[in-house]
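Using the working numbering, you'd call the opening residue of the sequence shown number 845 and step up by one each time. Ideal Cβ placement from N, Cα and C applies to all residues, glycine included.
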Amino acid sequence: MSDRYCVFGNPVAHSKSPAIHALFATQCRQDLTYDTVLAPLDGFAGAVQEFVAAGGRGANVTLPFKEEACALCDRLSDRAARAGAVNTLSFAGGAIAGDNTDGAGLVRDIEANLGFPLAGRRILLLGAGGAARGAVAPLLACGPQTLAIANRTGDKAARLAAQFADLAAVDAGNYADFAGRSFDVVINATSASLSGATLPLPDGAFAPGSLAYDMMYGRGETPFLAQARARGAGRCADGLGMLVEQAAEAFLVWRDVRPETAPVLAALRAQIAA
Ligand code: ATR
């Protein structure tokens, strides 16, 4: 029987993970199945137990369960503990191991796929929720010149920065606090575009040749990237590459083989544009 994997979420029907992992499995000749599981909002732990009892080997976790998944684990990787959230579960020997591949996926997309090394760069991270928190340590590990966090609620950015004070000094504030400062990379980790809102980006945030990166993606240009382009960002990238890279990293955790991501990303891009 094939090894079973799934993604837990609510909602989850829209998830591209089954398609991505099916392509990885074919490419790497791995005998596995990967499905979506709609977990009840108040029944995540039960859904995981059921999947484990049915022989599940591993799972991804998406909104809104990443923090709850973290609490459920018997063991956490360092990067999951730092993120305070888990997107990758492995089930073996009656124990649940948790990892977080989101930040690694972000960094790999920026550095390897986009060819934009982060060492020595000035990075501005927008947002201070779960998506931003998962990105901080992986970004710091790249050795940027500075990392700053801007959030609508400045206090929340300051609290987030303080959690990483042992790794590096991270600047934090609200958007206006960064007026007059320029950055080489500006990463949108907010959920503002879900409500159609644009961000109060500080003037001059985008240095010449800078990269604007949106963790979100969609059929057309995202609101943040449209805003970034109008304000002089040199390059714009959406989060589809991050999605594929975090999946590849999860596949590596489970199967000990790293799939080629370029053909999978190209297939997904074509599917979205169709
Ligand atoms: P996620 O897990 O996706 O990061 P979250 O924890 O709810 O979701 O965090 C959402 C982030 O988007 C927060 O940084 C939030 O700012 P606040 O902390 O000030 O609430 C940000 N955000 C959401 N809507 C926004 C908007 N319209 N303008 C600016 N920031 C917004």
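Between Arg1099 and Gln874, the C-beta spacing is below 7 angstroms. Using a Cβ distance threshold of 7 angstroms, Asn944 and Ala927 count as a contacting pair. When the Cα atoms are used, Ile1031 and Leu1084 turn out to be separated by approximately 14 angstroms. The segment 964-978 and the segment 1019-1034 touch, with no fewer than 3 CB-CB distances between them shorter than 8 angstroms. Ranked by Cα distance from Thr932, the first of Ala1094, Met1059 and Leu876 is Ala1094. Short of 6 angstroms from the beta carbon of Asn957, and not among the five residues preceding or following it, lie these beta carbons of its own chain, in chain order: Gly1085. Short note on Thr990: C-beta not closer than 6 angstroms to any heavy atom of the ligand ATR. For Ile1116, the uninterrupted alpha helix (DSSP H) run begins and ends at Ala1106 to Ala1117, by DSSP.
For Ser934, the secondary structure class from DSSP, reduced to helix, strand or coil, is strand. Sequence-distant Cβ neighbours of Leu920 in its own chain, meaning closer than 8 angstroms and more than five residues away, are Cys914, Val930, Ala941, Gly942 and Asp943. Distance from the Cα of Ala963 is smallest, within the candidate group Pro982, Gly978 and Ala1114, for Pro982. The alpha-carbon of Thr877 is positioned some 25 angstroms away from that of Ala924.
Annotated as proximal: Thr1042 and Gln1071, with beta-carbon spacing under 7 angstroms. A straight-line Cα-Cα distance of about 27 angstroms links Leu1055 and Leu907.
With respect to Phe909, Phe868 sits apart: the two C-beta atoms are not nearer than 7 angstroms.
Secondary structure at Thr906: coil, using DSSP grouped into helix, strand and coil.
Across the set Gly900, Met1060 and Ala1023, the C-alpha of Met1060 shows the shortest separation from the C-alpha of Ala976.
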